[in-house]
Amino acid sequence: MDKFYTTTAIDYVNGAPHIGHAYEKILTDIITRHYSQRTDNAFMLTGVDEHGIKIQKTSASLGITPKEFCDINTQKFIDAWKLLDINYSRFIRTTDEQHKKAVQKIFDKLLKQGDIYKHAYKGLYCSGCEAFLSEKDLDENGLCPVHKKKPEVVEEENYFFKLTKYKDAIIKHINQNPDFIIPSFRVKEVLNQLENIEDISVSRAKKNVSWGIDVLGDDEQVIYVWIDALSNYITALGYNCEENSDDFRKYWSADVQVIGKDILKFHSIYWPAILMALNLPLPKHILAHGWITIDETKMSKSLGNVVSPEGIMKSFNLDIADPLRYYMASAAPLGKDGNYSDDDFKEKVNAHLANSMGNLLNRTLSMLDKYFDGVIKEEFINTPVLFEDAKKTIESVKHHFNFFEIQEAASEIIELVDKTNKFVTNSAPWALAKEGKMKECGEVLYAVLEVMCVIASLIYPYCPNIAKRMADELKYDITLKLDDIKLNNIKTGKLISKEDIKPVFLRLDSELADKAKKN
Ligand code: MSP
11 MDKFYTTTAI DYVNGAPHIG HAYEKILTDI ITRHYSQRTD NAFMLTGVDE HGIKIQKTSA
71 SLGITPKEFC DINTQKFIDA WKLLDINYSR FIRTTDEQHK KAVQKIFDKL LKQGDIYKHA
131 YKGLYCSGCE AFLSEKDLDE NGLCPVHKKK PEVVEEENYF FKLTKYKDAI IKHINQNPDF
191 IIPSFRVKEV LNQLENIEDI SVSRAKKNVS WGIDVLGDDE QVIYVWIDAL SNYITALGYN
251 CEENSDDFRK YWSADVQVIG KDILKFHSIY WPAILMALNL PLPKHILAHG WITIDETKMS
311 KSLGNVVSPE GIMKSFNLDI ADPLRYYMAS AAPLGKDGNY SDDDFKEKVN AHLANSMGNL
371 LNRTLSMLDK YFDGVIKEEF INTPVLFEDA KKTIESVKHH FNFFEIQEAA SEIIELVDKT
431 NKFVTNSAPW ALAKEGKMKE CGEVLYAVLE VMCVIASLIY PYCPNIAKRM ADELKYDITL
491 KLDDIKLNNI KTGKLISKED IKPVFLRLDS ELADKAKKN
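Read the sequence shown against our numbering and you will find it ends at 529, with the numbers running on by one and no gaps.
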């Protein structure tokens, strides 16, 4: 594997990011960080989708320009991703000049080759979806099923993209590549949608919507959101229809494009059709994640239950995002909906990260200090059975990530932690020390510390800060690639002094955590 290119959906900037937006960025960051342990060239793209009628209307109501409004809100997304340690390689804004120019060229090329044509049209427009809906898409009350709003009747002359021309090719691609759409339980839904597709409007009349990218050579039309938004995945790499950049040649096609289930149609039908029209290869996988609810309720402004990642970080006084990242990553099996609740969050991260994982390292190092003054002796070194388990876990974690089973991979890691804890309990190094069996005692501690190195590497994509703290205490190189992890990471000699043994993660809400934060 010589590269791994991941993308997220680009968020609308009508408001501040919430935990649903954060969920997707966390999943994608975890995937990318995991693949950075398997290739030197893992590249993650994220960004914001800034055009559209909603931005135009909201900014007007605030008496500022759409660009000023976007600047304010885009910064909130940038800040949130920084707080969550989202290690993206590039952040695209659809108002970036380079993107706008490339979209104009893409549109122009499709127009010239006959894939886009002009057509008078009357349709039902949902501004929540920023898309036209057909009667069949509506629910029994005539509302958009996602936004529960009555679509607006819009009568305009628009440019249309010949989606229907690509219908058969897309069906063929989906059938020949059963893992193109992940999870597979969504494939049928997409094939059903394909049955009824029509050509799609890709522009709006400027008199009605002006906040968009101008159509070259047509003063009356702006390119409308989906062709603008979807193109970000290639324009961010430098694709512009003419000479394409080194990054584009190196990274396209995407290895996985992570999106929410609500925008699967756009990514598994519209996007492949656009790529086919541009004669470009399709992404390898489209991963549609489920939705995050709060206390089992859908988040909505009207219910006042919109939870932000900063809010959670503040209310638990967190200095690192690792617990939230870990929790979100294990919130749901692949593609299924998940839930956030404060109590569950606290319970899960305390149990897994503090009690099981953090304590294991802490008490092992404390015993090494107590019995051996923190020194690893030559005679401790063995090939412990436990290390075979650790190697198996590396393979199963890789296997899960091949299918983007992020929650399942996390469970494997915690299972290894539990096994190691059991090993300590069963071997009772404290009893061995009491009986004067110092070599055996040292062997147990060494075995555990070797496995802790593996655990640090495996947990790194989820909890990069905790993993680094663990690696520091173990004097272990956290940048090792997964395939290069061998036994003997723990070197002989003094490993650690008493004053350097610190908990890598403090229980949420514990007095210790509060005290540590006050200092
Ligand atoms: N701008 C479009 C995407 C264009 S991609 C070329 C869009 N924006 S969005 O802000 O509405 O949503 C961005 C992403 O966040 C989508 O993948 C969406 O599914 C996801 N989520 C928004 N709310 C969510 C939850 N409550 N839970 C999980 N993810 C959800 O759609």
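In this text, a Cβ means the ideal position worked out from N, Cα and C, and glycines have one as well.
Query                                                                                         : Result
The ligand MN heavy atom lying under 7 Å from the CB of G314                                  : As presented, the structure is devoid of the ligand MN, carrying the ligand MSP as its sole ligands.
Environment of H409 [buried if 16+ CB atoms lie within 10 Å]                                  : exposed
Opening and closing residue of the alpha helix (DSSP H) in which E320 lies                    : P319 to S325
Proximity below 8 Å, CB of D347 to CB of T303                                                 : yes
The stretch 282-299 in contact with the stretch 131-138 per 3-pair CB rule at 8 Å             : no
Three CB pairs or more closer than 8 Å across the stretch 233-242 and the stretch 79-99       : no
Beta-carbon spacing of P471, R100 below 8 Å                                                   : no
Buried or exposed (CB count within 10 angstroms, at least 16 for buried), D354                : exposed
Closer than 7 Å: D59 CB and nearest the ligand MSP heavy atom                                 : yes
Local Cβ density within 10 Å of P188, reported as buried at 16 or more and exposed below that : exposed
Supposed close pair A400, V359 - CB separation, criterion 8 Å                                 : With a Cβ gap of about 23 Å, A400 and V359 do not count as contacting.
G30: first and last residue of the uninterrupted beta strand (DSSP E) it sits in              : Premise fails: G30 lies in the alpha helix (DSSP H), I29 to S46, not in any beta strand (DSSP E).
Between the CA atoms of V434 and A179 - distance to the nearest angstrom                      : 57 Å
Pair within 8 Å by beta-carbon distance, I416 and L468                                        : no
C-beta contact flag for I192 and F414 at 8 Å                                                  : yes
Span separating the alpha-carbon of V225 from that of V232                                    : 5 Å
Extent of the continuous alpha helix (DSSP H) to which H530 belongs                           : The structure shown does not extend to residue 530, since the chain is modelled only from 11 through 529, so no value can be given for it.
Simplified DSSP state of A341, which is helix, strand or coil                                 : coil
Buried versus exposed, by CB contacts within 10 Å (16 or more), T174                          : exposed
Heavy atom of the ligand MSP within 7 Å of D21 beta-carbon                                    : yes
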